[in-house]
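Residue numbers (the working numbering), protein chains in the order written: chain A, 178 to 1121; chain B, 6 to 82.
See the structure below:
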């Protein structure tokens, strides 16, 4: 509800529209300004105000902003609307689409729950899909004002379409409650040209990034600049735009007026993008000034790191722009210690502060003489360096953000401005009111007899419900309606849902009435209380688009508009989209999939408070509901008519990559990236990093696929939840040493351990049973694959058997990969069936019988993510001989007898000694059950 | 990869999956040639998990969006 916090004047919820860093402006001053101001506002407001960012999903630039936020250690909440594409104002064919999109954008701001909306840059969108709200948001609305320079000469806007667009944007600026001007000159200009009351426009200034500073003593960039751009002389620098108002062409005749010796000693360097037409114009001007081509160097766009080198290395920075809202380049140059001179115009005098640094760009002699003086008079150059650095210290982004927040707080404190919502037109109807209804916002009159049809109508045409008489029995609720209202737990347990919950899920508001008279007497007052409800607001936008625009939109455009509109409505419950792409298709009963089954089934049956669990699967390029798998896990029927719809993300969704999706993640990652940009927190569960830590144990294809999965996870995840501290340590090491980006956070949860169920042990053949009983038997459990240590074990047992040690080796496990020769060796071994046994693919009962007949478990694996077999052995009270792995020690403590060598002899020696001593293990570890494990993981997700 | 090629390959993979001995022989053969194995598996991944569609498909809207669209259509007509 907007304004709720503003009343107190203490805490405000501020929503910043980030389009200033999303259009082509992100490569210019506006982008830098928006980026830097937002970071500082987030820092300053932390603990004071609730600041959230909103992005336009049709535009780029989100990733760069997210990188900046992560570099600054900031993780604010963010959201997105759209994508609504092809809305740029430069094409008449986009007009209707743009109007629909702007209504949706206005609605997104309207229902955001913010007290204040800050529009970072309103003059965007002529040639891009940037949007402004169709109507002013009801909240206090603030906009940054960079300049009104086009108003000084509207002819420069060219075509009338651009002029109309610009004037429309100026009107939006004028309608804002508060404008934040980037300089005093801009403020005064706006007061004069727009007639804005001075109290509604505050100067917040601009800042310079701390990266812009003089070079360290002893640093010399000359070689780099010569190699990269062929700059082989001391140089005069210009950096900035190249449109006509920047006056770049005045530099050439001014440079030509310098004495020849000086011209031969210096070069003129122009950094920044130059389009072909402008370059041709510049070349003509250079030729006209009789300069040689080598006198002027054009570098094109340069990254910040190089721009810093240019600023630090130039002998003079010159900025002849005729009009600026502020003038960041000269400030950056000053901060880097470059002698800086600027045109005596607009805001530039505020920036440099020093009258000696000004020239008249309309007079080439003025510019040339000032340049000459700086290059010829070291004392003057030094004075400019000193005054420039001193002046630049006053311009910090922290000060800008602080002034902005103070101005906004002041505006809130002095006037609580909430534009009243339009009063919706409610109309009483008797259900069922079908899709052909003409009633925009119905009030349904409900009784027990019509509860079922009412629900269907309510879903299609949201409205208020007035209930009269007793409720129908809960058994009458269809599973489909129970699922919609309360999720899978209601399908599993019918008593979780009741009619109130089911109706309330769909209704905008409900009340019970006793008589017709009571109902009608209070209806107007009651219904007017819902004017602010997000669904009421949505219905009104739907109505405006349907009646005013729909006939001029294509079916596809209308569908996209409907999708964008419906998705911005706030959802009361957080929805966890749990990825089960692989297990829902094919449950291979691996250890990883055991974790998925156990955790998901518990979350579905008993979700965390205020969370709705939705299993999803990536199919044919989209995520869709995995209803069939959810029903399978809960052992219920899929509710009739429940379709596996495509997932459309909303503002309260969380993605949980519970299943191990090595094969599908490279395909689904681009989609998940769009979800991440839209603010969906992304969580992954990680079981191990073995293909990286033990590469020789895996096939090259597996290693490559794993690496692709790992890189996708690293670039997408907000948090990676590891099944053991050892796995977390491995991930941490990889992130710190190999991954170039911002690593996700790590957390640790422990998979649950299933208590041993009393089962009837299976039967072994008499020969096997008697052989296992005849001598000590060491048991290995797990797939036969290189890292499990079967080869070393078999070698060790051959040594033991050769030295007359009488013991058995029993191997339980399926054939894995890269073990062809080992399998052949086992199958043809002379001890096979005597003292060597291989049980491939035995069931739980047979495994239990083998455990029963064995003396101890042998766990010689070279690497594990968790190590379930040693827990199962410990649960059975069997001694364990295990390799001294960190994860085994983490999971089983002192229980096993550890060995560490990798040679057959070292293992044989350890086994022989163990057989002699037979130490009694003491179990003092209590493993969590699956309930605890699921709850812990849920808690970690909620708390992050 | 075209939809037709993907469908054909799906049928082929389904056929192989129903013959475990044949599948094992093929996997064993491919294992010995890492270059072939890598390419075959990548192809299978692409068949089973085609690239993500990033934009809204008007024909595959989520449930809430569909109802919103139906209301707007109804009110527009």
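Ideal placement from N, C-alpha and C gives every residue a C-beta, glycine not left out.
- CA-CA distance, residue 216(A) to residue 565(A), rounds to 25 Å.
- When CB distances to chain A are screened at a threshold of 9 Å, the residues of the segment 59 to 78 of chain B falling below it are 59, 60, 61, 62, 63, 64, 65, 66, 67, 68, 69, 70, 71, 72, 73, 74, 75, 76, 77 and 78, in chain order.
- Not a single C-beta of chain A is nearer than 8 Å to the C-beta of residue 15(B).
- The DSSP assignment places complete beta strand (DSSP E) segments of no fewer than 3 residues inside the segment 359 to 416 of chain A at 378 to 380 and 412 to 416, in order along the chain.
- For residue 57(B), the nearest CB of chain A lies under 8 Å from its own CB, placing it at the interface with that chain.
- In this structure, residue 865(A) lies near residue 904(A), with their beta-carbon atoms less than 8 Å apart.
- DSSP places residue 1099(A) in no alpha helix (DSSP H); its state is neither H nor E.
- For the C-beta of residue 26(B), not a single chain A residue is nearer than 9 Å; the gap to the nearest is close to 13 Å.
- Unbroken alpha helix (DSSP H) stretches of 4 residues or longer found wholly inside the segment 417 to 480 of chain A: 428 to 433, 437 to 442 and 453 to 465, given in chain order.
- Per DSSP, the continuous alpha helix (DSSP H) segment holding residue 912(A) begins and ends at 902 to 914.
- With its beta carbon at least 8 Å from every one in chain A, residue 7(B) lies outside the interface.
- Burial is judged here by how many other beta carbons sit within 10 angstroms of a residue's own beta carbon; residue 40(B) has fewer than 16 and is exposed.
- Residues of chain B whose Cβ lies closer than 7 Å to the Cβ of residue 877(A) are, in chain order, 39 and 43.
- Membership of residue 754(A) in any alpha helix (DSSP H) is not indicated; the residue belongs instead to the beta strand (DSSP E) covering 751 to 756.
- When C-beta atoms of the segment 581 to 591 of chain A are compared with those of the segment 516 to 528 of chain A, fewer than three pairs fall below 8 Å, so the two segments do not count as touching.
- The three-state reading of DSSP puts residue 604(A) in strand, counting E and B together.
- Taking C-alpha positions only, residue 199(A) is separated from residue 572(A) by approximately 24 Å.
- Remark: C-beta atoms of residue 768(A) and residue 1045(A) approach each other more closely than 8 Å.
- For residue 1011(A), no beta strand (DSSP E) run applies, since DSSP gives it neither H nor E.
- Taken through DSSP and simplified to helix, strand or coil, residue 991(A) comes out as coil.
- Classified as buried, residue 989(A) has 16 or more neighbouring CB atoms from the shown chains inside 10 Å of its CB.
- With a threshold of 8 Å between beta carbons, residue 81(B) makes contact with chain A.
- With contact defined as three or more Cβ pairs closer than 8 Å, the segment 404 to 417 of chain A and the segment 439 to 457 of chain A are in contact.
- Under the three-state reduction of DSSP output, residue 775(A) falls in the helix class.
- The beta-carbon of residue 23(B) is placed no less than 8 Å from the nearest beta-carbon of chain A.
- Taking 8 Å as the cut-off between beta carbons, the residues of the segment 629 to 647 of chain A near chain B are 636, 637 and 638, in sequence order.
- Just measuring C-alpha positions, the residue of 601(A), 353(A), 789(A) and 971(A) sitting nearest residue 998(A) is 971(A).
- Its chain contains 866, 869 and 911 as the residues whose beta carbon lies nearer than 8 Å to that of residue 887(A), once the 5 sequence neighbours on both sides are disregarded; these appear in chain order.
- When only Cα atoms are considered, residue 327(A) and residue 452(A) end up about 21 Å apart.
- Around the C-beta of residue 1058(A), 16 or more other C-beta atoms lie within 10 Å, and the residue is accordingly described as buried.
- Residue 929(A) and residue 1104(A) have their C-alpha atoms spaced approximately 7 Å apart.
- Comparing alpha carbon positions, the residue from 1047(A), 987(A) and 1013(A) closest to residue 1023(A) is 987(A).
- Counting along the chain, the unbroken beta strand (DSSP E) around residue 899(A) starts and ends at 896 to 899.
- Residues of chain B whose Cβ lies closer than 7 Å to the Cβ of residue 795(A) are, in chain order, 54.
- Your pair residue 679(A) and residue 659(A) checks out as a contact, with CB atoms roughly 7 Å apart and the cut at 8 Å.
- Per DSSP, residue 676(A) is one residue of the alpha helix (DSSP H) stretching across 676 to 683.
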